[in-house]
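Below: one structure, written as structure tokens.
In this note's numbering, the protein residues as written are 174 to 811.
What follows is the structure, given as structure tokens:
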């Protein structure tokens, strides 16, 4: 299998990078994949072959290397793993290698000299032509052939792996056609070279390559004809005469695999046994088998292609869910995710709003054995009780007035995958009871239904409330809490890992500068000081919004303090820097305006807000951020 990195996002989006044993990624020109990205270190990471495993190693990069959303130092890669390097995302894949010297197939010149050849055009194939089949005399041979075709069609119809399909097909062909060796050769997607051969030598053993005539296969592919070729004097199903028995009779069958007027490859059979010379009947039967097999191979290829495309689309969507930060608090979170992800245990994630609870849930899913299955997220606080029940459990037709058809709930949609219930503390007691039953019995009943539906999902839940306190206040069921709280983790607020503010800001800066198509060199010292002095009550989500705003409204090469939200300016300390002096003056002017309007209104907050032309809620926030409460109290007493 040949390794490949498919670029999902970044400067090389929709590009593929094939490599053999080693590939390096970084900003330096010496790397195999050079990324011109500020978030990428000169030598960022490498992937190398280690004892038949592909090992990813982070080279002490500044921003870290992420696999499935988790920063790693070293990680053995598996097909489908998502590798995030700076603002680029790669999908690690293994593909079938092209034919090489160690291939089970060896292309040689035509081994038959002076043999007799019979070929059939597509319109001469009896079993693939309904008109010809209708006029054939009924016979035991015809019944046996049709029975064989039906058996093969049934057996290969449900196979979705191309290589497995080739092997099964070759084995079934050997059961009905007396060949000593055979091969199924598929062409690459461009229809040029053989990319995935499967061959079997029943006489020489698995280590002996099967010799395939280069000129014959080329003719079959180019002309779309089916060919039988014998070295013996006559093409016949009869046993050769005594004079011919002493001479080995080489026989070859080669038929094209065609679907939608496109040649996918060939089926090639060879025999040296004079007692099993291939006949025209064998040619007709193999051509019919090839007609069925081509459709199955095309379907299997489409299935594999859709699977890869699905993984790429999921990877592209989930790029924004990579967590950033190398502080001790965040490293603890990453280690927790790595430990719990492989299990199927329910996980309860605590934390304030904006701390990345859903990101952690997605990371758990992406590093679990369910990563190829759906991840379904539902915010329990966003819908009314009736709508939430319908969304979660689904409903039957006629269950209520607007239920005009049956609908699967999100729990059913996530079958085999993971369900993330955000703000689970907002569930009503009625829905809590129903959810408890699902967790206990692993089955559900749709709204308006009576039939129990078995469920295979992993539950992940999150809440920004103290659920234990809610249990004591009888606002949350104790039994449901214990079902959800099998394993728990708390996402730290941003103020508790302030060392991650700068890398997070750089990450959002790089993301939104690309999204808004604006070149920004970095964050100015004054703006960085403002970011570090703010306590971020909205946590990472607030920081992300602040950086997006700065990108949109800013106009210089660097993010300046005035590009940031006013809240940051109002709470920033008066540091001894030039930009801060300007903002100190603005802060002082705001205080004077508020105090003057407050005195003019006679101490009324509502009238003060009217005089200033702001909303009362905003006025309260200004007073709090500018630390004016004490001054206003003194003004009121006076």
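All residues carry an ideal CB built from backbone N, CA and C; glycine is no exception. Since this is a predicted model, take the numbers as computed values, not measurements.
### Task
Determine, using beta-carbon pairs with one atom in the segment 387–405 and one in the segment 424–434, whether at least three such pairs fall under 8 Å.
yes
### Task
Check each candidate in 319, 540, 565, 672 and name the one with the smallest Cα separation from residue 503.
Here the question's residue 503 lines up with position 330 in the chain shown. Comparing Cα-Cα distances from residue 503 to each of 319, 540, 565, 672, the minimum goes to 672.
### Message
Residues in the same chain with beta-carbon distance under 6 Å from residue 358, minus the five sequence neighbours each way, listed in chain order, please.
### Response
Here the question's residue 358 lines up with position 185 in the chain shown. Excluding residues within five positions, the ones whose Cβ falls inside 6 Å are 367, 370, 438, 439.
#### Entry: Span separating the alpha-carbon of residue 772 from that of residue 727
Within the chain shown, numbered from 1, the residue matching residue 772 stands at position 599. Within the chain shown, numbered from 1, the residue matching residue 727 stands at position 554. So the two alpha carbons sit approximately 36 Å from each other.
### Terminal residues of the alpha helix (DSSP H) in which residue 699 lies
Locating residue 699 in the chain shown gives position 526, where the first residue counts as 1. Segment 698–706, the alpha helix (DSSP H) holding residue 699.
### Message
So the candidates are 558, 538, 559, 542; which of them puts its Cα closest to the Cα of residue 550?
### Response
For the purposes of this step, residue 550 is taken as the residue at position 377 of the chain shown. Answer by Cα proximity: 538.
### Task
Note down, one range per segment and in chain order, each beta strand (DSSP E) of at least 3 residues found wholly within the segment 503–527.
520–523
### Query
Leaving out five residues before and five after residue 415 in sequence, what residues of the same chain have Cβ atoms less than 7 Å from its Cβ?
As a first step, residue 415 must be located in the chain shown, where it is residue number 242. Confidence at residue 415 is low in this model, with a pLDDT of 44, below 50, so the placement of that residue should be treated as unreliable; the coordinate-derived value is given next. Hits under 7 Å: none found.
### Message
Please state the DSSP three-state secondary structure of residue 730.
### Response
Residue mapping note: residue 730 aligns to position 557 of the chain shown, counting from 1. Correct three-state label for residue 730: coil.
### Message
Let's see if you can read the secondary structure: which residues bound the alpha helix (DSSP H) around residue 349?
### Response
For the purposes of this step, residue 349 is taken as residue 176 along the chain shown, with counting starting at 1. Where residue 349 is concerned, the enclosing alpha helix (DSSP H) stretches over 335–349.
### Task
Measuring alpha carbon to alpha carbon, tell me which of 223, 232, 264, 233 ends up nearest residue 240.
For the purposes of this step, residue 240 is identified with residue 67 of the chain shown, where counting begins at 1. Checked all of 223, 232, 264, 233; the closest Cα to residue 240 is 264.
### Message
Using DSSP's beta-bridge definition, name the partner residues of residue 254.
### Response
Locating residue 254 in the chain shown gives position 81, counting from the first residue. Residue 254 pairs with nothing; no bridge assigned.
### Task
Inspect the beta-carbon positions of residue 242 and residue 535 and report whether they are closer than 8 Å.
Translated into positions along the chain shown, residue 242 becomes position 69. Translated into positions along the chain shown, residue 535 becomes position 362. Yes.
### Message
Along the chain, where does the alpha helix (DSSP H) containing residue 436 start, and where does it finish?
### Response
Along the chain shown, read from residue 1 onward, the residue named residue 436 stands at position 263. No alpha helix (DSSP H) holds residue 436; the beta strand (DSSP E) holding it covers 435–444.
#### Entry: Separation of residue 566 from residue 548, as counted between CA atoms
Indexing the chain shown from 1 puts residue 548 at position 375. Indexing the chain shown from 1 puts residue 566 at position 393. Cα to Cα, residue 548 sits roughly 16 Å from residue 566.
#### Entry: Rounded distance between the beta-carbons of residue 679 and residue 527, thought under 8 Å
As a position in the chain shown, residue 527 is number 354, starting the count at 1. As a position in the chain shown, residue 679 is number 506, starting the count at 1. Rounded, the Cβ-Cβ distance is 18 Å, inconsistent with contact.
### Query
By DSSP, does residue 798 sit in helix, in strand, or in coil?
For the purposes of this step, residue 798 is taken as the residue at position 625 of the chain shown. Looking at residue 798 - three-state DSSP - the assignment turns out to be helix.
### Query
What are the boundary residues of the alpha helix (DSSP H) that residue 692 is part of?
The residue labelled residue 692 in the question sits at position 519 within the chain shown. Premise fails: residue 692 is in no alpha helix (DSSP H) and is neither H nor E.
### Message
By the three-class DSSP mapping on this structure, what secondary structure does residue 455 have?
### Response
The sequence position of residue 455 within the chain shown is 282, counting from 1. Correct three-state label for residue 455: helix.
### Query
With a CB to CB cut of under 7 Å and the five nearest residues on each side skipped, what residues in its chain are close to residue 779?
Here residue 779 corresponds to residue number 606 of the chain shown, with the count starting at 1. Same-chain partners within the cutoff: 789.
### Message
If you follow the alpha helix (DSSP H) that residue 780 is in, where does it begin and where does it stop?
### Response
Reading the chain shown from its first residue, position 607 is the one you call residue 780. Unbroken alpha helix (DSSP H) run through residue 780: 778–785.
### Query
At what residues does the alpha helix (DSSP H) containing residue 652 begin and finish?
To locate residue 652, count along the chain shown from 1; it is residue 479. 651–657 is the extent of the alpha helix (DSSP H) around residue 652.
### Query
For the beta strand (DSSP E) that contains residue 191, what are its first and last residues?
To locate residue 191, count along the chain shown from 1; it is residue 18. Segment 189–191, the beta strand (DSSP E) holding residue 191.
### Task
Sort 675, 725, 696, 688 by Cα distance to residue 705 and report the nearest one.
On the chain shown, position 532 is the one that residue 705 refers to. Cα-wise, what sits closest to residue 705 is 675.
### Task
For the beta strand (DSSP E) holding residue 240, just list the boundary residues, first then last.
Taking the first residue of the chain shown as 1, we reach residue 240 at position 67. Segment 238–240, the beta strand (DSSP E) holding residue 240.
### Task
Measure the alpha-carbon distance for residue 588 versus residue 603 and round it to whole angstroms.
Translated into the one-based positions of the chain shown, residue 588 becomes position 415. Translated into the one-based positions of the chain shown, residue 603 becomes position 430. Distance between the alpha carbons of residue 588 and residue 603: 24 Å.
### Task
Determine, using beta carbons only, whether residue 332 and residue 473 come nearer to each other than 8 Å.
The sequence position of residue 332 within the chain shown is 159, counting from 1. The sequence position of residue 473 within the chain shown is 300, counting from 1. A contact, by the Cβ cut-off of 8 Å.
### Task
Determine the closest residue to residue 466 out of 774, 711, 326, 640, with distance taken between C-alpha atoms.
Residue mapping note: residue 466 aligns to position 293 of the chain shown, counting from 1. Out of 774, 711, 326, 640, 326 has the C-alpha closest to the C-alpha of residue 466.
### Message
Short of 6 Å in beta carbon distance, which residues of its chain neighbour residue 221, apart from the five on each side in sequence? Order them along the chain.
### Response
Counting from one through the chain shown, the residue named residue 221 turns up at place 48. Same-chain partners within the cutoff: 195, 228.
### Query
On the premise that residue 628 lies in contact with residue 812, defined as a C-beta separation below 8 Å, what is that separation, rounded to the nearest angstrom?
For the chain, the structure presents residues 174 to 811; residue 812 sits outside this window and is missing.
### Query
Thinking just about the alpha-carbon of each residue, which of 594, 469, 590 is nearest to the one in residue 530?
Taking the chain shown and counting its residues from 1, one reaches residue 530 at position 357. Among 594, 469, 590, the Cα nearest to that of residue 530 belongs to 594.
### Presumed contact (8 Å Cβ cut-off) between residue 441 and residue 355, rounded CB distance
Numbered from its first residue, the chain shown carries residue 441 at position 268. Numbered from its first residue, the chain shown carries residue 355 at position 182. The pair is a contact, with the Cβ atoms about 6 Å apart (cut-off 8 Å).
### Query
Hey, residue 685 and residue 721 are a contact pair by Cβ (cut 8 Å); roughly how many whole angstroms apart?
In the chain shown, the residue the question calls residue 685 occupies position 512. In the chain shown, the residue the question calls residue 721 occupies position 548. Confirmed, about 5 Å.
### Task
Determine the extent of the beta strand (DSSP E) in which residue 177 is found, giving its start and end residues.
Sequence index remark: in the chain shown, residue 177 carries index 4 (1-based). Residues 175–182.
### Task
Decide if residue 540 is buried, meaning its Cβ has at least 16 other Cβ atoms within 10 Å, or exposed.
As a first step, residue 540 is located in the chain shown; it is residue number 367 there, counting from the start. By the neighbour-count rule (16 or more Cβ atoms within 10 Å), residue 540 is buried.
#### Entry: For residue 223, the nearest candidate out of 533, 735, 718, 250 (CA to CA)
Sequence index remark: in the chain shown, residue 223 carries index 50 (1-based). Comparing Cα-Cα distances from residue 223 to each of 533, 735, 718, 250, the minimum goes to 250.
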